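Worksheet: one structure, shown below.
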DNA sequence: CGACGATTTGAATAGGATCAATGGGAGTGG
DNA sequence: CCACTCCCATTGATCCTATTCAAATCGTCG
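Residue numbers (the numbering used here), protein chains in the order written: chain A, 1 to 215; chain B, 216 to 430.
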């Protein structure tokens with residue numbers, strides 16, 4: 001994007017540090033700011049019919065609720081810090097201004113939105129086409145790949161959060177881990193070892209059109 | 216968008232009529248064309264782990280797989296005509312060209328993508344936060360609203376398709392309709408009458424952040 | 001009229017959720 | 001440093017939802 005637009009956004013932005021478990025936004029609120037996670041972790045979650053679910057975990061450096069800001073609409077999701085986090089807040093007004101003025105910025109946003117869209121589509125496929133155990137197995141393989149494919153995974157979130165993220169209860173997650181034991185999966189607190197990646201992959205049936213970050 | 220860009224796209228495009236149940240694209244294929252439904256209905260669906268699910272039904276006039284075209288990536292979903300349909304095929308190359316050249320077009324695409332993104336997020340909330348019966352109840356209320364809120368709904372698709380769309384089996388859909396009978400829902404073939412919209416809404420708990428088209 | 005596919009219904013099963021209780025750290029305050 | 005508390009995670013038992021398998025019914029189309 002143009003230097004000037006960038007400067008304008010940075011000038012208008014606030015960089016703040018928030019403690020863990022602080023609610024940043026609530027679904028239904030008007031989109032006053034675009035949020036960018038600089039450090040830490042932010043949980044996006046949602047409510048309906050008396051239930052709550054984790055929609056996504058946002059890690060540095062990523063923006064969230066971009067679509068709402070551009071549309072000048074209300075947030076569809078709530079957000080809270082999962083741990084102490086440094087977050088950049090950019091007034092929506094400025095984002096929309098830069099979007100209207102700066103062609104390069106507008107195009108960059110398209111790429112970002114296209115990626116976000118495809119990510120959610122993949123998640124929907126994951127949810128509708130796989131059982132809970134399959135989802136967990138694939139998730140473990142993904143974490144392993146992200147962490148260097150050593151066969152030793154450190155879970156990036158609380159188990160209750162992971163359970164909600166992949167669409168199950170904490171109890172069920174615990175049982176799903178047990179189900180994976182015969183496939184070489186051992187759990188010790190937040191550490192998971194994958195003894196036989198092939199066996200696990202055979203169960204999980206990983207699919208690039210669901211599990212690959214890019215593409 | 217600019218007249219010239221529009222002309223260019225139209226010039227390069229093919230308008231074709233396809234019979235029902237014709238597979239237009241398959242997930243994993245490179246995105247060679249952007250598709251626009253002019254008449255008829257197109258089903259987007261996906262496979263994984265030996266299962267298949269309906270992801271969306273696209274009606275006129277709407278484009279599908281825009282994100283894949285822009286990213287020059289592979290399709291995440293397959294598509295088939297649900298009935299005889301007239302479809303506009305625009306070569307991806309031309310779309311990306313227009314996107315690069317025409318600023319107004321690029322901005323229009325942002326709006327389109329932002330809407331698509333928010334739609335999928337809503338669907339994910341629907342899936343994760345509601346039971347099958349609640350999803351059906353809300354879907355019926357939505358159809359009723361779309362069709363004029365007369366309390367008489369004509370199902371826009373086969374029941375098996377609707378079942379897959381809202382994430383259940385055809386058998387379960389049939390039973391879900393029976394579950395809704397005490398709430399004033401009567402089914403006769405493709406026609407559904409809603410005798411007591413309040414009772415149904417009380418069960419469904421419709422939520423603008425999930426069920427409203429706009430917002 | 002006959003065949004096929006869609007829908008419905010029934011029965012049995014499986015997958016997940018809920019409720020309840022226990023064990024296990026991490027953090028707090030004395 | 002230790003005891004206490006709280007919350008997370010696990011386990012057990014049970015319940016409920018939804019899927020699967022099977023069969024019957026219905027409607028449509030050739």
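In this text, a Cβ means the ideal position worked out from N, Cα and C, and glycines have one as well. This structure is a prediction, so every number in the text was calculated from the model and none was measured.
Out of the options, point me to the one whose CA is closest to residue i's CA.
i                      : options                    : result
residue 275 of chain B : B:286, B:255, B:306, B:238 : B:255
residue 421 of chain B : B:317, B:337, B:372        : B:337
residue 190 of chain A : A:201, A:204, A:174, A:179 : A:174
residue 165 of chain A : A:50, A:38, A:55, A:20     : A:55
residue 100 of chain A : B:310, B:322, B:309, B:306 : B:322
residue 148 of chain A : A:193, A:115, A:87, A:114  : A:193
residue 301 of chain B : B:384, B:399, B:257, B:246 : B:257
residue 252 of chain B : B:344, B:281, B:376        : B:281
residue 209 of chain A : B:219, B:410, B:289, B:413 : B:289
residue 161 of chain A : A:150, A:141, A:136, A:212 : A:136
residue 6 of chain A   : A:94, A:24, A:213, A:19    : A:94
residue 346 of chain B : B:418, B:229, B:327        : B:418
residue 224 of chain B : B:369, B:312, B:243, B:261 : B:312
residue 184 of chain A : A:176, A:197, A:64         : A:197
residue 143 of chain A : A:155, A:133, A:34         : A:155
residue 103 of chain A : A:3, A:211, A:214          : A:3
residue 273 of chain B : B:284, B:292, B:264        : B:292
residue 18 of chain A  : A:212, A:81, A:115         : A:81
residue 396 of chain B : B:284, B:410, B:262        : B:410
residue 21 of chain A  : A:92, A:45, A:84, A:172    : A:84
Mapping the DSSP letters down to three states, classify residue i as helix, strand or coil.
i                      : result
residue 182 of chain A : helix
residue 173 of chain A : helix
residue 296 of chain B : strand
residue 202 of chain A : helix
residue 240 of chain B : strand
residue 155 of chain A : coil
residue 207 of chain A : coil
residue 48 of chain A  : strand
residue 98 of chain A  : helix
residue 137 of chain A : helix
residue 381 of chain B : coil
residue 213 of chain A : coil
residue 364 of chain B : coil
residue 376 of chain B : helix
residue 329 of chain B : helix
residue 282 of chain B : helix
residue 130 of chain A : coil
residue 104 of chain A : helix
Answer with yes or no whether the minimum CB distance from residue i to chain A is below 9 angstroms.
i                      : result
residue 420 of chain B : yes
residue 270 of chain B : yes
residue 346 of chain B : yes
residue 372 of chain B : no
residue 294 of chain B : no
residue 362 of chain B : no
residue 285 of chain B : yes
residue 354 of chain B : no
residue 310 of chain B : no
residue 276 of chain B : no
residue 413 of chain B : no
residue 424 of chain B : yes
residue 357 of chain B : no
residue 428 of chain B : no
residue 337 of chain B : yes
residue 333 of chain B : yes
residue 351 of chain B : no
residue 382 of chain B : yes
Sorry if obvious, but does the Cβ on residue i come closer than 8 angstroms to a heavy atom of the ligand NAD?
i                      : result
residue 142 of chain A : By its list of ligands, the structure shown contains no ligand whatsoever, and the ligand NAD lies outside what it can speak to.
Which residues does DSSP pair with residue i in a beta bridge?
i                      : result
residue 231 of chain B : B:302
residue 358 of chain B : BP columns for residue 358 of chain B are empty, so no partner.
residue 62 of chain A  : A:37
residue 409 of chain B : B:400
residue 57 of chain A  : A:43
residue 289 of chain B : B:245
Could you tell me whether any Cβ in chain B is nearer than 9 angstroms to the Cβ of residue i?
i                      : result
residue 1 of chain A   : no
residue 189 of chain A : no
residue 74 of chain A  : yes
residue 58 of chain A  : no
residue 194 of chain A : no
residue 67 of chain A  : yes
residue 127 of chain A : yes
*Name the residues in the segment 315 to 331 of chain B whose C-beta lies less than 7 angstroms from a C-beta of chain A; which are they?*
Cβ contacts with chain A: 318, 321, 322, 324, 325, 328, 329, 331.
*Closer than 7 angstroms, Cβ to any Cβ of chain B: which residues of the segment 12 to 30 of chain A, in chain order?*
27, 28
_Give me the subset of the segment 30 to 50 of chain A whose CB atoms are less than 9 angstroms from a CB atom of chain B, sorted by chain position._
46, 47, 48, 49, 50
_For the segment 171 to 185 of chain A, list every residue whose C-beta sits within 8 angstroms of some C-beta in chain B, in sequence order._
none
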